[in-house]
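Trainee: So that we are looking at the same thing, I have put the structure below in structure tokens.
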Amino acid sequence: VGYGLAVGAIPRVAPLFEKAGLFGMDINKKGTPQGSVKVPEALGLASATVSIVILCAMHFNAFRTNDPHPALVTSALASITFMTLLGFADDVLDLRWRYKMVLPLFGCLPLLAHYSGSTTILLPTFLRSPFIVAQQALDAYSTKRAESVFSVFRAALESIAERGAVELGVLFYVYMALLSIFCSNAINIYAGINGLEAGQSLVIACFIIIHNALELHPSREVESLDTLRQHHLFSIELMLPFAAVTLALLWHNAFPSRVFVGDTFCYFAGMTFAVGAILGHYPETLLVFFIPQLINFIYSLPQLIGIVHCPRHRLPRYNIETKKLEPIRSNLNLVNLTLLATGPMSERALCELLLLVQIAACCFGLAIRYAAVNYVA
2 VGYGLAVGAI PRVAPLFEKA GLFGMDINKK GTPQGSVKVP EALGLASATV
52 SIVILCAMHF NAFRTNDPHP ALVTSALASI TFMTLLGFAD DVLDLRWRYK
102 MVLPLFGCLP LLAHYSGSTT ILLPTFLRSP FIVAQQALDA YSTKRAESVF
152 SVFRAALESI AERGAVELGV LFYVYMALLS IFCSNAINIY AGINGLEAGQ
202 SLVIACFIII HNALELHPSR EVESLDTLRQ HHLFSIELML PFAAVTLALL
252 WHNAFPSRVF VGDTFCYFAG MTFAVGAILG HYPETLLVFF IPQLINFIYS
302 LPQLIGIVHC PRHRLPRYNI ETKKLEPIRS NLNLVNLTLL ATGPMSERAL
352 CELLLLVQIA ACCFGLAIRY AAVNYVA
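Under the working numbering, think of the first position of the sequence shown as 2, with each following residue one higher.
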């Protein structure tokens, strides 16, 4: 239903966006007839609207069926809607990067207010050795005076040494806030070629759904299987409509792009991922699906913080003779880095390669996630 609504709505509302002045030229086709065509922008708003309407229907059903966790849907709706509006404001007002980096913090506040999960992380067994040594040293040199001084640390050391449990407390909330900011901006800065934003988001959403499905029947012992399943089913309910509307958007945004997704979609996608991870109680796992985005962020950091000049569009150069994209060394992002490694490529081939890298990275991240379970006991 979500796919059908979105794939039909996008071409119908696209002329309205162009009429309102929300359009752009495809820089990667500059010098060709396609490069002079006005392409409607911010069509991520159409996909986001369909997804939010579906979430509203879920919200209505939650109250009618006396769902015990309607507040989760409320906070999810609030955060996703707020970030979608901020993204559309960015498309209209062209906000500066320093504002873009901060705005998701406000969008994630409803999530943090309704997070009721653990703030403890479990260390793999091979990382517990230093804490075991520290506990033994503390026991060996313990005196009455030292006992009073180090009593604060003893309980923490015992917990880490015996169970690998590290209680982060408020720092875990700081991590979740930073996770929301990262997710909302990571897709936005890993962009610039037809289909990349929607394509990477669709891949990540599919792997999150796979992770959620695997967690419905965990191979490890858990305290409450019903609670675990509720959390991951909630995440699946968020991700399925998102994946459907993103697939519809990709249909229109893939090379040659008939619409641009805009910052609206990037913020909407990033906050949806953050919502699913935080309210689904797997915020520490989400980053394993963002490996290319993490690499791109680290590589882009000198330009993002102003150490190196940051142009408005950090895109490759289009060679009109070869009809291929060529890297620009001074533009620090994964798109240009890939071209430096492979040589000039067509835009379609480059997008396909980057999406294959995304799939491979998500497979690797998923394998690491479940391999690590064997070392946490």
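A virtual CB, placed ideally from N, CA and C, is assigned to each residue, including glycine.
Looking at the secondary structure, which residues open and close the alpha helix (DSSP H) in which residue 20 lies?
Mentor: It spans 3–20 - the alpha helix (DSSP H) in which residue 20 sits, taken as one unbroken run.
Trainee: With distances taken between CB atoms, is the gap from residue 1 to residue 122 smaller than 8 Å?
Mentor: Because residue 1 is not part of the residues shown, which for the chain are 2 to 378, the question remains open.
Trainee: On the criterion of 16 or more Cβ atoms from any shown chain inside 10 Å, does residue 58 qualify as buried, or is it exposed?
Mentor: Looking at its Cβ environment, which holds fewer than 16 other Cβ atoms inside 10 Å, residue 58 is exposed.
Trainee: Would you identify the three-state DSSP class for residue 326, choosing helix, strand or coil?
Mentor: If DSSP states are grouped into helix, strand and coil, residue 326 belongs with the strands.
Trainee: What are the boundary residues of the beta strand (DSSP E) that residue 320 is part of?
Mentor: Run containing residue 320: 318–320, per the beta strand (DSSP E) assignment.
Trainee: Note down, one range per segment and in chain order, each alpha helix (DSSP H) of at least 4 residues found wholly within the region 168–203.
Mentor: Segments of the alpha helix (DSSP H) lying fully in the region 168–203: 171–190.
Trainee: Measure from the alpha carbon of residue 80 to the alpha carbon of each residue in 60, 89, 369 and 276, then state which is nearest.
Mentor: Comparing Cα-Cα distances from residue 80 to each of 60, 89, 369 and 276, the minimum goes to 276.
Trainee: When the Cα of residue 215 is compared with those of 236, 224 and 198, which residue comes out closest?
Mentor: With distances taken between Cα atoms, residue 215 lies closest to 236.
Trainee: If you reduce the DSSP assignment to three classes, tell me which class residue 223 lands in.
Mentor: Residue 223 falls in the coil class under three-state DSSP.
Trainee: Report yes if the C-beta distance between residue 280 and residue 116 is below 8 Å; otherwise report no.
Mentor: Their beta carbons are under 8 Å apart, which means residue 280 touches residue 116 by this criterion.
Trainee: Less than 7 Å separating the Cβ of residue 112 from some heavy atom of the ligand PLP?
Mentor: Within the structure as shown, the ligand PLP is missing, as the structure has no ligands at all.
Trainee: Going by C-alpha distance, which of 350, 203, 213 and 317 is nearest residue 257?
Mentor: Cα-wise, what sits closest to residue 257 is 350.
Trainee: Taking DSSP as the reference, what is the three-state secondary structure of residue 121?
Mentor: Residue state, collapsed to three classes: strand.
Trainee: Could you give the distance in angstroms between the alpha-carbon of residue 119 and the alpha-carbon of residue 39?
Mentor: Those two C-alpha atoms are separated by around 49 Å.
Trainee: In this structure, does DSSP put residue 346 in helix, strand or coil?
Mentor: It is a strand residue.
Trainee: DSSP on residue 1, reduced to helix/strand/coil?
Mentor: Nothing can be reported for residue 1, as the shown portion of the chain is limited to 2 through 378.
Trainee: Taking the straight line between their C-alpha atoms, what separation do you get for residue 111 and residue 77?
Mentor: In a straight line, the C-alpha of residue 111 is about 8 Å away from that of residue 77.
Trainee: Grab me the residues of residue 278's own chain with a C-beta within less than 6 Å of its C-beta, minus the 5 sequence neighbours each way, in chain order.
Mentor: 284 and 287.
Trainee: In angstroms, rounded to a whole number, what distance separates the CA positions of residue 336 and residue 246?
Mentor: C-alpha separation (whole angstroms): 25 Å.
Trainee: Assuming residue 266 contacts residue 363 (C-beta within less than 8 Å), just tell me the rounded distance between them.
Mentor: Their Cβ separation, rounded to whole angstroms, is 19 Å, which puts residue 266 and residue 363 out of contact at 8 Å.
Trainee: Assign residue 26 to buried or exposed, taking buried as 16 or more other Cβ atoms, counted over all protein chains shown, within 10 Å of its Cβ.
Mentor: Looking at its Cβ environment, which holds fewer than 16 other Cβ atoms inside 10 Å, residue 26 is exposed.
Trainee: Just grab the DSSP bridge partners of residue 34 for me.
Mentor: Beta-bridge pairing links residue 34 to no other residue.
Trainee: Identify the residues that DSSP records as bridge partners of residue 40: which are they?
Mentor: Looking at the DSSP assignment, residue 40 forms a beta bridge with 25.
Trainee: Going by C-alpha to C-alpha distance, which of 239, 255, 294 and 177 sits closest to residue 200?
Mentor: Nearest of 239, 255, 294 and 177 to residue 200, Cα basis: 255.
Trainee: Measuring straight from C-alpha to C-alpha, what distance separates residue 319 and residue 29?
Mentor: So the alpha carbons of these two residues sit roughly 5 Å apart.
Trainee: Under the three-state reduction of DSSP, which class applies to residue 150: helix, strand or coil?
Mentor: Legend: pLDDT at residue 150 = 48, less than 50; position of this residue unreliable, value from coordinates given subsequently. Looking at residue 150 - three-state DSSP - the assignment turns out to be helix.
Trainee: Rounded to whole angstroms, what is the Cα-Cα separation between residue 310 and residue 12?
Mentor: Approximately 37 Å between the Cα atoms of the pair.
Trainee: Could you pull out every unbroken beta strand (DSSP E) segment of at least 3 residues lying fully inside the region 240–320, listed in chain order?
Mentor: Fully enclosed beta strand (DSSP E) runs of 3 or longer: 318–320.
Trainee: In its own chain, which residues sit with a C-beta less than 8 Å from the C-beta of residue 244, not counting the 5 before and 5 after it?
Mentor: Once the five neighbours on either side are set aside, the close Cβ partners of residue 244 are 203, 206, 207 and 210.
Trainee: Whose C-beta lies closer than 6 Å to the C-beta of residue 368 among residues of the same chain, with five residues either side of it excluded?
Mentor: Nothing listed; no residue qualifies.
Trainee: Looking at residue 43 and residue 85, is the spacing between their C-beta atoms short of 8 Å?
Mentor: No, the Cβ-Cβ distance between residue 85 and residue 43 is not below 8 Å.
Trainee: With a cut-off of 8 Å on the beta carbons, I'd call residue 294 and residue 187 a contact; round off their distance for me.
Mentor: With 8 Å as the limit, residue 294 and residue 187 qualify as a contact, their Cβ atoms being about 4 Å apart.
Trainee: Can you tell me where the alpha helix (DSSP H) with residue 80 in it begins and where it stops?
Mentor: Per DSSP, residue 80 belongs to the alpha helix (DSSP H) from 71–94.
Trainee: Rounded to the nearest angstrom, how far is the Cβ of residue 297 from that of residue 190, given a contact under 8 Å?
Mentor: Right, the Cβ-Cβ distance comes to about 7 Å (below 8 Å), so this counts as a contact.
Trainee: Do you know offhand how far residue 72's Cα is from residue 322's?
Mentor: The alpha-carbon atoms of residue 72 and residue 322 are separated by roughly 57 Å.
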